[in-house]
Amino acid sequence: MIKFIFDRIVALMGLLILWPVFVIVAVLSLIKMPGGPVFFTQERVGRGGRLFTIYKFRTMAVSHDGTSVTVAGQSRITPLGAVLRKYKIDELPELLNVLVGDMSFVGPRPDVPGYADLLLGEDREILQLRPGITGPASMKYRNEEELLAKQENPHRYNDDVLFPDKVRLNRYYLHHYSFWKDIQMIVCTVLGRKMLYAGEWI
22 MIKFIFDRIV ALMGLLILWP VFVIVAVLSL IKMPGGPVFF TQERVGRGGR
72 LFTIYKFRTM AVSHDGTSVT VAGQSRITPL GAVLRKYKID ELPELLNVLV
122 GDMSFVGPRP DVPGYADLLL GEDREILQLR PGITGPASMK YRNEEELLAK
172 QENPHRYNDD VLFPDKVRLN RYYLHHYSFW KDIQMIVCTV LGRKMLYAGE
222 WI
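Note that my numbering has the sequence shown beginning at 22, numbered continuously upward.
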C-alpha cells in the first residue's frame, strides 16, 4: 500500500514541477523533428499481462523498421532524440502512466507483446509486478544500447543473454521487495550511480 500511495503522490508532484520541461521538449521536437508527433505511444504488457499504452517523448524518425531492440548509433534515432535518451528525458511522460496506475517508479521495464509471451513456468510470476520506470534490470543495463552496438548479432544477444538475466533480476526483486531499496534505486537512477543489489553492483 505504501508503494501505491508513494507512486501516485510523487508522480503528481513530478508532473507539476516538470511541466516546463515538457513544454520545452515539445517545442524542440516540433522544430527539430517536424512531421511527427511529440509523444511516442506503444502497447506494452503490464501487471497480470494486461496491455496498456506507454507514453514517451519521440526520439526516432517517423519512418523506421519498427524493431523493439534499439542499438546506439542507429540512424533512426534523431540528434535531439539521442540527447533525450542519454539523459532519460524521453521517459518523463511515463509519470502519467505511474499516476494512473499502469506503472510504478520501480519494477521491471514493460515489454512489448512478444517478449512477455516468452516467459514460461515460474518466470511468469514477474507479471505480478507493475512495470517500472527504473528497476534492478534497468540499472544494470543502463547502457544497453551501447552494449548491443558492440555485438555481432544484437538481437540474438538480447534474446539469449540480456532478456534471461533481466528476468532473473526481476524475479529476485519480486521475492526480496523492500520499499527502502526502491528509494535507493530511484536516487541512484537520478544520480547515475551504482548500488549493491542481489550480490552484484548494478
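Here a beta-carbon is modelled for each residue, glycine too, at the ideal position from N, C-alpha and C.
Unbroken alpha helix (DSSP H) run spanning residue 198, endpoints: Element bounds for residue 198: n/a, residue is neither H nor E.
Could you tell me which residues DSSP puts in a beta bridge with residue 65? 73
Validate contact between the region 123-139 and the region 22-34 using beta carbons, cut 8 angstroms, 3 pairs: yes
Tell me, to the nearest whole angstrom, how far the beta carbon of residue 62 is from that of residue 80; I am working on the premise that it is less than 8 angstroms. No, residue 62 and residue 80 are not in contact; Cβ-Cβ is about 13 angstroms, not under 8 angstroms.
Please report the Cβ distance between residue 130 and residue 102, rounded to the nearest whole angstrom; I am assuming they are in contact, meaning their Cβ atoms lie under 8 angstroms. 18 angstroms between Cβ atoms; not a contact.
Under 8 angstroms between the Cβ atoms of residue 230 and residue 148? Since the first residue shown for the chain is 22 and the last is 223, residue 230 is missing from the structure and cannot be characterised.
What are the uninterrupted segments assigned as alpha helix (DSSP H) that are 4 or more residues long and contained completely in the region 153-184, given in chain order? 157-161, 165-170 and 175-178
Alpha-carbon to alpha-carbon, residue 49 and residue 185: 37 angstroms
Rounded to the nearest angstrom, what separates residue 115 and residue 57 at their Cα positions? 19 angstroms
What is the C-beta distance between residue 215 and residue 207, in whole angstroms, given that I count them as a contact (C-beta under 8 angstroms)? Not confirmed; about 14 angstroms, so no contact.
Would you mind stating whether residue 187 and residue 158 have Cβ atoms separated by less than 8 angstroms? yes
Kindly indicate which residue of 205, 165, 211 and 144 has the alpha-carbon position closest to the one of residue 192. 144
Measure the alpha-carbon distance for residue 170 versus residue 160 and round it to whole angstroms. 18 angstroms
Extent of the continuous beta strand (DSSP E) to which residue 133 belongs: Segment: none, residue 133 is in no beta strand (DSSP E) and carries neither H nor E.
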